[in-house]
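A.B. asks: Here's a structure for you.
2 protein chains.
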Amino acid sequence: MGSSKQNSISAKPRFAVESYIEGILKKDRVMLSRAITLAESNLSTDRLLAEELIQGILPYTGNSIRIGITGIPGVGKSTFIESFGKYLTSINKKVAVLAVDPSSQLTKGSILGDKTRMEELSKDENAFIRPTSAGIALGGVANNTREAILLCEAAGFDVIIVETVGVGQSEAQVRSMVDFFLLLLLGGAGDELQGIKKGIMEMADAVVITKADGENLKKAKQAQADFQHALHLFRAAESGWIPKVLISSALEKTGIHEVWSLIDSYQDQMISKGYFHSQRLGQNIDWFHSSIEGRIKQEIMNSKSMQKKIKETEKKILSGSINPGTAARDVVQAFIQSLSLN
Amino acid sequence: MGSSKQNSISAKPRFAVESYIEGILKKDRVMLSRAITLAESNLSTDRLLAEELIQGILPYTGNSIRIGITGIPGVGKSTFIESFGKYLTSINKKVAVLAVDPSSQLTKGSILGDKTRMEELSKDENAFIRPTSAGIALGGVANNTREAILLCEAAGFDVIIVETVGVGQSEAQVRSMVDFFLLLLLGGAGDELQGIKKGIMEMADAVVITKADGENLKKAKQAQADFQHALHLFRAAESGWIPKVLISSALEKTGIHEVWSLIDSYQDQMISKGYFHSQRLGQNIDWFHSSIEGRIKQEIMNSKSMQKKIKETEKKILSGSINPGTAARDVVQAFIQSLSLN
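So the sequences go chain by chain: A and B.
Last residue of the first sequence: 366 (the working numbering), numbering continuous.
Last residue of the second sequence: 366 (the working numbering), numbering continuous.
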């Protein structure tokens, strides 16, 4: 283990693990960025280095509140996060915003420049904004983001916001890595659209009705009442927490303080109940299980003989002589046999 | 291989693989249903039997058009599929509707009874409606549905409709298993909501604006023009196909025939270009790769010594002494070593 020298295989220069750790603990943002990039790499040498790094910073992690924020495009997510983030830095919190976009796994498309999305926040020296590059990340974009959370915590960020981006594929993933899950909704967007939110609403610890200003205010208040009622109906959370519905206007800067107060009181209650800690532990176990698959696939992909077997098997599939499921079994059997013969 | 006897480990009685194949080829729906249930099972004995079955019916598969249909709840998806399905059976097509709901992996919630959702179609003797149970399916709900498609094809269904259900996590998965991907949209639902559709729109071969009747008709026609314009802008598909936008009313039964005509002409064009076949082959390769992970995870889970190792490692994670990623690597290394020692 331990590639403590610069790694010539990597596309970008790497540092010794100690340099990353030192830089991060010194709150060096360039080093933090590079560490996140390292953790996103699929190169096996990078993975080893990243794991050493994560293991090394582990004692310095955990001291943040991790907040997931979701909502359909058009709900004003970036605007809300910008206002919320600015509020937090104004009360001396250090805020990291991580954006998760699993959809780009398919389309290879990238998130619109995050800097332009949250212009003011990105200039704030107590804020750090970073999209998670998707690619074909080992263990999925979720594990990359989990590692990014830990790295940000070690770098001293008090509030980690994990934002879902894209076509709604990421809510469950984000829910599995945060302490508090916030759903942004529009008031008066019509009953027709409530359905899509149901599955997501079940995950929410709070709902914020955005754009609650001017002519929208009345609609927003009505939506607040409706959703509060709905949330009472279908949630009897393990934590005992009853999700709250708030309204906010980024334009008039209203409701932002209330959102933070709510999250703060959630954290207090959940810590005293022991739920805060137990939820995190459960999330770590989920992370562990989802990582096992990724790691073993990497083992297969790193083996030259298996690469050859996979290519041969692909030909059989293309000729139609074998179905993909059985073909996968054959490859796995061959892998196991190759190990047994070593 | 080959558990040709009833399998006493299974929760439900299993048949010999020949019985399943015979039943399916005879178009016996009860047997088809049971075969799909078998293919959804995670028991390793069931998996072996299911793979034998899939391999056995393979020569009888492929003779359908596979259509993915998505759209937010409220768009009238069930109503559209019911009308579309009834139209297809009226022109002597046999139609299978498979519903994919990955969200229930998390919530363990199940789809609203599909029978009530499509009441008329479910009574049609040339239609077959079946939700894919999610559970913690091996290789994910996607592979279950892929196998269900093959089973329905062997049972003589001409049109397989794969419907996405839930909170929008499944579009990319469904796109990866169908020939034609149809997106249902509402006219006049507001620009605010167009964002969510962008990632999905890139996958669409056609868009249908639903509820194009009465007062909505004008809005629907406007939306048709707008979306047609938008689709021209961002799609230069590998297939050379330019996605079309149609309007339909389930209430007035309009536009249904046009949707089928479009799909029919798509199929003709793509077959003559060779794209139809090459897309399916590419999808099989994807299926193969996504199956490898699931199979190897099963190997680990079936090993008693590994189960023990996993339990021990979970304790270390809970004590905070190791991070989940490194823990996963340790487990995989132990697995590989255990094989090498055999």
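Each residue gets a CB set at the ideal place from its N, CA and C atoms; glycine is no exception.
How many angstroms separate the CA atom of B/A247 from the CA atom of B/S285?
C.D. replies: Roughly 21 Å separates the two Cα atoms.
A.B. asks: Any C-beta of chain A within less than 7 Å: which residues of the region 292 to 324 of chain B qualify?
C.D. replies: Going along the region 292 to 324 of chain B in chain order, one finds L305, N308, I309, W311, F312, S315, I316, E317, R319, I320, K321, E323, I324 with a Cβ nearer than 7 Å to chain A.
A.B. asks: Cβ of B/R353 less than 8 Å from any chain A Cβ?
C.D. replies: B/R353 counts as touching chain A.
A.B. asks: Going along chain A, which residues have a C-beta under 9 Å from B/K156?
C.D. replies: For the sequence presented, residue 156 of chain B should be read as Thr rather than Lys. Under the 9 Å cutoff, chain A gives no residues; its nearest Cβ is about 15 Å from B/T156.
A.B. asks: With a 10 Å radius around its C-beta and 16 neighbouring C-beta atoms as the bar for buried, classify B/V54 as buried or exposed.
C.D. replies: When all chains shown are included, B/V54 counts as exposed.
A.B. asks: Could you please tell me which residues of the region 339 to 352 of chain A, in chain order, have their CB closer than 9 Å to any CB of chain B?
C.D. replies: Answer in chain order: I341, L342, G344, S345, I346, N347, P348, G349, T350, A351, A352.
A.B. asks: Verify the CB distance criterion: does A/Q79 have a CB-CB separation below 8 Å to chain B?
C.D. replies: So yes, A/Q79 belongs to the interface.
A.B. asks: Shortest alpha-carbon distance to A/K277 belongs to which of A/S43, A/G100, A/G95?
C.D. replies: When each option's Cα is compared against that of A/K277, the closest is A/G100.
A.B. asks: State yes or no: is the C-beta of B/A179 within less than 8 Å of the C-beta of B/I48?
C.D. replies: Taking 8 Å as the Cβ cut-off, B/A179 and B/I48 qualify as a contacting pair.
A.B. asks: In terms of residue numbering, what span does the alpha helix (DSSP H) encompassing A/R58 cover?
C.D. replies: Run containing A/R58: 53 to 64, per the alpha helix (DSSP H) assignment.
A.B. asks: Is there at least one Cβ from chain A nearer than 8 Å to B/I271's Cβ?
C.D. replies: No, B/I271 lies away from the interface with chain A (no Cβ there is under 8 Å from its Cβ).
A.B. asks: Cα separation between A/Q252 and A/P267?
C.D. replies: Each residue's Cα considered, the two are about 8 Å apart.
A.B. asks: Please decide whether B/V41 counts as near chain A, where near means a Cβ-Cβ distance under 8 Å.
C.D. replies: Closer than 8 Å: no.
A.B. asks: Beta carbon of B/I153, beta carbon of B/I91: below 8 Å?
C.D. replies: No, these two residues do not count as a Cβ contact at 8 Å.
A.B. asks: Just how far apart, CA to CA, sit A/I45 and A/Q79?
C.D. replies: Roughly 10 Å between the two C-alpha positions.
A.B. asks: Ends of the beta strand (DSSP E) at A/L270?
C.D. replies: Unbroken beta strand (DSSP E) run through A/L270: 268 to 271.
A.B. asks: For A/Y290, which residues of its own chain have a beta-carbon under 7 Å away from its beta-carbon, when the five flanking residues on both sides are left out?
C.D. replies: Hits under 7 Å: F204, D229, W265.
A.B. asks: To the nearest angstrom, how far is it from the Cα of B/L206 to the Cα of B/N326?
C.D. replies: Looking at the two C-alpha atoms, the distance is approximately 40 Å.
A.B. asks: Give the residues from the region 68 to 94 of chain B that approach chain A closer than 7 Å (Cβ to any Cβ), ordered along the chain.
C.D. replies: Those residues of the region 68 to 94 of chain B that come within reach of chain A (Cβ to Cβ, closer than 7 Å) are E75, I78, Q79, L82.
A.B. asks: For A/D70, count neighbouring C-beta atoms within 10 Å of its own C-beta (all shown protein chains included) and say buried if the count is 16 or more, exposed if not.
C.D. replies: The residue in question, A/D70, is buried, as its Cβ has 16 or more Cβ neighbours within 10 Å.
A.B. asks: Whose Cβ in chain B lies nearer than 7 Å to the Cβ of A/V356?
C.D. replies: Residues of chain B passing the Cβ test: I316, R319, I320, E323.
A.B. asks: Note down the Cα distance separating A/G306 from A/K335, rounded to an integer number of angstroms.
C.D. replies: The straight-line gap from Cα to Cα measures roughly 39 Å.
A.B. asks: Go through its chain and collect everything with a Cβ distance to B/L217's Cβ below 6 Å, but skip five positions before and after it.
C.D. replies: Residue placement at B/L217 is flagged as unreliable, the pLDDT there being 48, under the threshold of 50; the coordinate-derived value follows with that caveat. Answer for B/L217: no residue qualifies.
A.B. asks: Identify every run of the beta strand (DSSP E) within the region 82 to 110 of chain B, keeping only runs that are complete inside it and at least 3 residues long; order them along the chain.
C.D. replies: With a minimum length of 3 residues, the continuous beta strand (DSSP E) runs that stay inside the region 82 to 110 of chain B are 89 to 94.
A.B. asks: Alpha carbons only, please: which of B/G349, B/S362, B/Q361 is nearest the one belonging to A/A166?
C.D. replies: The shortest Cα separation from A/A166 among B/G349, B/S362, B/Q361 belongs to B/G349.
A.B. asks: Kindly list, in the order they appear in chain B, the residues whose Cβ is closer than 7 Å to that of A/I360.
C.D. replies: What A/I360 touches in chain B: E323, L363.
A.B. asks: Using a C-beta cutoff of 8 Å, does B/N167 count as contacting chain A?
C.D. replies: Yes - at least one Cβ of chain A is within 8 Å of the one on B/N167.
A.B. asks: Looking at the C-beta of B/E171, does it have a partner C-beta in chain A at a distance below 8 Å?
C.D. replies: Taking Cβ atoms only, chain A reaches closer than 8 Å to B/E171, which makes this a yes.
A.B. asks: What residue ranges within the region 258 to 337 of chain A form continuous alpha helix (DSSP H) runs of no fewer than 4 residues, ordered along the chain?
C.D. replies: You should have 280 to 297, 299 to 326.
A.B. asks: Can you give me the C-alpha to C-alpha distance between A/K328 and A/V355, rounded to a whole angstrom?
C.D. replies: Spanning the two alpha carbons is a distance of roughly 13 Å.
A.B. asks: B/P97: buried (16+ other C-beta within 10 angstroms of its C-beta) or exposed?
C.D. replies: Buried.
A.B. asks: For A/A249, is the classification buried or exposed, using 16 other Cβ atoms within 10 angstroms of its Cβ as the cut-off for buried?
C.D. replies: So A/A249 ends up on the exposed side.
A.B. asks: Does the region 302 to 318 of chain A come close enough to the region 335 to 345 of chain B that 3 or more CB-CB pairs lie under 8 Å?
C.D. replies: As far as the Cβ criterion goes, the region 335 to 345 of chain B touches the region 302 to 318 of chain A, which means the pair count is three or higher.
A.B. asks: What whole-angstrom Cβ distance do A/G95 and A/L208 have, given they're in contact under 8 Å?
C.D. replies: So it is a contact: roughly 3 Å between Cβ atoms.
A.B. asks: Are the beta-carbon atoms belonging to A/L77 and A/A59 less than 8 Å from one another?
C.D. replies: Against a cut-off of 8 Å, the Cβ pair of A/A59 and A/L77 comes out as a contact.
A.B. asks: Around the Cβ of B/I115, are there at least 16 other Cβ atoms within 10 angstroms (buried) or fewer (exposed)?
C.D. replies: With fewer than 16 other Cβ atoms within 10 Å, it is exposed.
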